[in-house]
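Going by UniProt numbering, the sequence shown opens with residue 1, and the numbers climb by one from there. Note that beta-carbon positions come from the ideal geometry of N, C-alpha and C, so glycine has one too. The structure appears right after this line, and notes come after that.
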Amino acid sequence: MSVEDIVLVQQLVCREREARDRLWWDEMRSIYTEDSWIDLSWYQGSGKGFIDRSIDLAKRGTSSKHRLGPVVVRVSEDRGRALATVSAVIESRFKLNGIEVDIGSETRLIYKGVKNTHDHKWRLSGLSCIYECDHLRPAIPGQTINIDPEELKPYRSSYRCLSYFLSQQGLSVRMELPGDDRPEQVIKLYDDAFRWLRVSGSSVANRQEYQHDGQAQSLL
């Protein structure tokens, strides 16, 4: 496993999130492969379509920022593939019934990277997300957010507030996404990702011990 490749993929992931946060669309386009596949709460489809939809949202005034943890990279040199995982908090501010509200969604992102056999450059071929938990808070202390609890009932605990926020922006949200409230889906996502990389990943995924009482309690 080349240290240089690890660093290049780490930087690619950071550049991709920076480009989206800063609305650097040309930069973002240069990062994804033509056959890339994106699977997120509000979008499922090609990398090109993801960028086009992101541009549309930005024009409508819907934006978000991403706070990233350390990027962990595993490389399969013989296949020219890399898997990068990173904890991320998605943050956005919007108005709800005249009150400025901050939303934060805690997630884990999984990126797939491939090395081009012609120019030997790394690009991203996939992005998926695991949802952990989220929150809604007033931006100004002392103010109160008034939401009918019935409006939140249809949404899952791992991305309840995010689902509500996206619905307020006119976006539909799928309810079958991987989240810590559905540990079997999370384990399958990791296993599939490591299988794609062709590195034994079952031991990594199966070390996640869940004491399931409505939500995932621990990840080892």
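Boundaries of the beta strand (DSSP E) in which residue i is found, first to last residue
i	result
tyrosine 111	99 to 115
tyrosine 164	Careful: tyrosine 164 lies outside any beta strand (DSSP E), inside the alpha helix (DSSP H) at 160 to 168.
arginine 93	81 to 96
glycine 142	Looking at the DSSP string, glycine 142 is not in any beta strand (DSSP E), and its letter there is neither H nor E.
Limits of the unbroken alpha helix (DSSP H) element including residue i
i	result
arginine 74	Run containing arginine 74: none in the alpha helix (DSSP H); it sits in the beta strand (DSSP E), 72 to 76.
Straight-line Cα distance separating residue j from residue i
i	j	result
serine 64	arginine 17	10 Å
valine 173	leucine 162	9 Å
lysine 188	glycine 80	23 Å
lysine 112	serine 2	17 Å
glycine 170	leucine 40	16 Å
serine 46	serine 128	12 Å
glutamine 168	histidine 118	45 Å
glycine 104	glycine 69	15 Å
threonine 62	glutamate 184	32 Å
Integer Cβ distance of residue i from residue j, believed to fall under 8 Å
i	j	result
valine 89	arginine 53	Contact doesn't hold; Cβ gap of about 21 Å is too wide.
glutamine 10	valine 75	Incorrect: roughly 11 Å between the Cβ atoms, too far for contact.
alanine 82	aspartate 35	16 Å between Cβ atoms; not a contact.
Cβ pair residue i, residue j closer than 8 Å
i	j	result
phenylalanine 50	phenylalanine 165	no
aspartate 134	glutamate 106	yes
tyrosine 131	tyrosine 159	yes
serine 181	serine 157	It is worth fixing the name first, because residue 181 is aspartate in this sequence and not serine. It is a contact, given that the beta carbons lie within the stated cut-off.
isoleucine 110	threonine 85	yes
| query | Counting pairs of beta carbons, one from the segment 125 to 139 and one from the segment 94 to 111, are three or more of them closer than 8 Å? | reply | yes
| said: If contact is defined by three or more beta carbon pairs under 8 Å, each pair taking one atom from either stretch, is the segment 31 to 39 in contact with the segment 117 to 124? | reply: yes
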